[in-house]
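In our numbering, the protein residues as written are 1 to 190.
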Ligand SMILES: Cc1cc2nc3c(=O)[nH]c(=O)nc-3n(C[C@H](O)[C@H](O)[C@H](O)COP(=O)(O)O)c2cc1C
């Protein structure tokens, strides 16, 4: 296979397209698109999101320590993309998009329209040039009841998560299930 060198750029590994929801100290909500995010430890349950230091979202997390990372159902692609174009410093993104923010019993602002919201409490950050790799304890995960069958199994297509291909700057939906993880490779186990 002949390979092309792309250099150390932002490339098109599939990433989750998520909405990070915060409030400032006065209670004003904000919604930001983030794709550099994911769960990075099971014990302790930890989520990481990399934020440019200029983001309103970063300032809000510095003020309150609480935020949520929300899966985006693909039908909200326009609203979600808008939340990646505009800053909460200048605009009320919830009002413009019609998206709703509601606090959980833990006091974490979450996106009502999201089928999966991860409630987070800031723990520490790592400075990476202009970015801050923000690490957070996962307090709770709220998943849409409608996506579970009677046996309690989740139907991921019901969640319909939006996927972002960074280098191409395109949003996609999930395709077809290929195999079960931690099982498919067992047939090659000596
Ligand atoms: C698809 C997409 C993914 C993005 N991912 C990130 C990210 O992971 N980290 C980041 O700091 N900004 C990211 N951005 C940019 C912010 O969403 C954007 O600068 C936003 O306006 C910041 O909003 P805020 O100032 O209200 O926090 C992304 C934008 C798009 C469109």
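Backbone N, C-alpha and C fix where the C-beta goes; we use that ideal spot for every residue, glycine too.
Note: residue 103 is bridge-paired with 109 in the DSSP secondary-structure output.
In this structure, residue 171 sits near residue 17, with a CB-CB distance shorter than 9 Å. Cβ-Cβ separation between residue 77 and residue 162: approximately 6 Å, consistent with a contact (criterion under 8 Å). When the beta-carbon positions are compared, residue 113 and residue 99 come within less than 9 Å of each other. Within the stretch 46 to 120, the runs of alpha helix (DSSP H) that reach at least 4 residues and sit entirely inside it are, in chain order, 56 to 64, 77 to 82 and 93 to 97. The alpha carbon of residue 97 has as its nearest neighbour, out of 103, 109 and 84, the alpha carbon of 84. In chain order, 33 and 171 place their CB closer than 8 Å to the CB of residue 81, counting only its own chain and leaving out the 5 sequence neighbours on each side. Minimum Cα-Cα distance from residue 72 among the listed residues 41, 141, 106 and 173 corresponds to 173.
In this structure, the CA atom of residue 94 is about 11 Å from the CA atom of residue 22.
For residue 157, the enclosing alpha helix (DSSP H) begins and ends at 156 to 159.
Burial of residue 110 is indicated by the presence of at least 16 other C-beta atoms within 10 angstroms of its C-beta. Looking only at 149, 138 and 180, the smallest Cα-Cα distance to residue 43 is reached by 138. DSSP places residue 34 within a strand segment (E or B) once states are collapsed to three.
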